[in-house]
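See structure below.
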Ligand code: TRP
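What follows is the structure in structure tokens.
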């Protein structure tokens, strides 16, 4: 009995830790703007299908590889097969690209928190407020610097455990508040059209671009294809049920993303009449839409302030774990001290983040396929590198170590692997073929060979 109980808490602890890394700006900021841009219900449906098939299989594979080897990405692939050491390195490049621009967005969140707490809800709700803010030079840079600095200080001082404790309490609050704002938003005139847009798929909207966007989001949101889940898996106990843990992490992560979409997309229709330009606003969507919602609400100033501080904590914990990942890679690879690695990563992220921050203002002339610098960074990591890492992970599991070895890892302690067949077929055949097709079509359209 005692044993059972402690297993349960361990498993819960594992699920919460992994979900804590998974839930972040990806769910609250990124998912809604992609869903709004790529056809609402169509995107949602594709995302859900990919989550229960690809996302599930890939997360099972990564956590198993971690638990089996007890190592993080770079060491794990190498220890199973020498030729696949490159995959760990490729996977590690992803957080290095994500972290700087993640901190830029973290800075925006911090700015909105500051505006709300100083009573600026009505000015923040103005049509041009966000655009004026990000097209500036120094202001977005200062907020980016503050966010990155806070993250670096926490990692440098090694006090992330304290922050994680605080955020464990704040996360459920964020979920409840998101639900509350979503319900409020749905009562505003016009929101029902937005709800229909969000929930009803239109098959005519399905394109390779939409599928690629949904897949990139899946990797990003669940922290897949970048070695993170391998590291988490390396801390997981053999007696904890791997399959059901993965299910729970997925349900949690997808649930939060779904709620965030429910909060933002109907509100776009209620407050901007479903204007196509607003729907395809991209990274700014949350910042343009939510202040209008809070401004129309009783006590909106207080609720908005609370909302942005909670999102700030969600972003901060993710940023800490991103930075932590990079720091430990550098410490391992270069044999540097923790302090030296922290300072190096801080400076690197600062240099890499500046163009993303300026890309909406002074560097606005830099544009590739209509994307700003931040979108380009995001595209390289989510739509190029991560599908490549995912592809090689599938090949690695499907043909090198064989699905059987993962299946055995999942069955550890005599548990049945309920989705064994689905996992095997997806990881070995469906996922790699699909990934190649999607990548090829996106490269082709990027090169202008054809557009789908
Ligand atoms: N999944 C996180 C989110 O949704 C972002 C993220 C990507 C992340 N990779 C990570 C967080 C690594 C922590 C560690 O926001």
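Numbering (our numbering), first residue to last: 8 to 459.
Yeah, the Cβ is synthetic: ideal placement off N, Cα and C, and Gly gets one too.
Local conformation of residue i per DSSP, three classes
i, result
"residue 343", "coil"
"residue 222", "helix"
"residue 330", "helix"
"residue 199", "helix"
"residue 207", "coil"
"residue 359", "helix"
"residue 376", "coil"
"residue 227", "helix"
"residue 40", "helix"
"residue 45", "coil"
"residue 194", "coil"
"residue 213", "coil"
Option nearest residue i by Cα separation, candidates the options
i, options, result
"residue 413", "211, 264, 249", "249"
"residue 449", "404, 408, 420, 376", "376"
"residue 451", "409, 303, 219, 415", "219"
"residue 17", "290, 352, 268, 243", "243"
"residue 272", "44, 355, 72", "44"
"residue 126", "190, 417, 308, 329", "308"
"residue 291", "39, 104, 22", "39"
"residue 337", "19, 371, 99", "99"
"residue 171", "72, 321, 103, 71", "321"
"residue 384", "109, 63, 295", "109"
"residue 461", "300, 431, 346, 442", "Because the chain in this structure spans residues 8 to 459, residue 461 falls outside the shown range and cannot be described."
"residue 228", "246, 211, 258", "258"
"residue 403", "71, 31, 235", "71"
"residue 137", "178, 297, 427", "297"
"residue 111", "425, 87, 81, 149", "149"
"residue 160", "433, 330, 424, 364", "330"
"residue 119", "319, 334, 241", "319"
"residue 27", "197, 326, 388", "326"
Close Cβ partners of residue i (< 8 angstroms) along its chain, the five nearest in sequence each way excluded
i, result
"residue 184", "310, 313, 314, 317"
"residue 368", "141, 142, 143, 144, 147"
"residue 51", "42, 205, 206, 208, 265, 268"
"residue 85", "91, 92, 95"
"residue 435", "401, 404, 405, 406, 410"
"residue 357", "107, 152, 155"
"residue 23", "175"
Buried or exposed (CB count within 10 angstroms, at least 16 for buried), residue i
i, result
"residue 293", "buried"
"residue 417", "buried"
"residue 263", "buried"
"residue 201", "buried"
"residue 61", "buried"
"residue 210", "exposed"
"residue 446", "buried"
"residue 122", "buried"
"residue 458", "Residue placement at residue 458 is flagged as unreliable, the pLDDT there being 46, under the threshold of 50; a coordinate-derived value is accordingly withheld."
"residue 217", "buried"
"residue 421", "exposed"
"residue 190", "exposed"
"residue 102", "buried"
Contacts around residue i, its chain only, beta-carbon distance under 7 angstroms, and the 5 residues preceding and following it disregarded
i, result
"residue 247", "14, 17, 18, 21"
"residue 230", "28, 29, 236"
Residues near residue i by beta carbon distance below 6 angstroms, same chain, minus five either side
i, result
"residue 188", "270"
"residue 302", "128, 129, 132"
"residue 124", "312"
### Ranges of the beta strand (DSSP E) found wholly within the region 83-168, counting only runs of at least 3
none
### Unbroken stretches of the alpha helix (DSSP H), 4 residues or longer, contained in the region 389-429
393-402, 409-417
### Within the region 235-317, ranges of the alpha helix (DSSP H) (whole runs, at least 4 residues)
235-241, 249-279, 283-286, 292-302
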